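Inspection log for the structure reproduced underneath, given as structure tokens.
Residue numbers (the working numbering): 68 to 201.
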């Protein structure tokens with residue numbers, strides 16, 4: 068993992084967070100090196116303690132992972148929106164997110180991704196991770 072990811076993960080407990088979830092944008096690029104952009108399709112990077120980061124993204128973005136040296140657990144979905152929830156459910160199970168507190172970037176995280184994550188893991192809480200990211 069990169070030193071920036073290691074620092075963020077080490078700071079999770081200080082900020083009372085169990086994970087950090089990021090949408091495509093400058094902060095996600097800083098941590099992953101992936102050039103992804105917000106679109107109508109949901110995408111998220113999950114930074115998790117004691118596990119490789121997870122990423123949910125469309126299958127057609129698979130080649131993007133070859134552009135980063137960061138080892139990640141990828142959860143892909145195809146173009147059919149009916150299958151998008153499965154990728155988020157698998158990522159939430161991988162990260163053991165049920166009942167956890169998830170830090171998000173308040174100026175970047177969309178309702179779309181929050182809904183998929185919320186449906187994927189019971190009793191989780193979203194909170195601002197602005198202090199951790201700053």
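C-beta: ideal position from N, C-alpha, C; glycine also.
The structure displayed is predicted, hence computed values, not measured ones.
For residue 149, the closest alpha carbon among the candidates 112, 198, 125, 103 is that of 125. Here residue 90 is buried, its C-beta having at least 16 other C-beta atoms within 10 Å. Residue nearest to residue 137 within the set 147, 120, 144 is 120 (criterion: CA-CA distance). Straight-line measurement puts the Cα of residue 152 at about 6 Å from the Cα of residue 183. In the three-state reduction of the DSSP assignment, residue 159 falls in the helix class, which pools H, G and I. According to DSSP, residue pairing for residue 195 in a beta bridge involves 171. Taking a C-beta distance under 7 Å as the contact criterion, residue 98 and residue 72 qualify as a contact pair.
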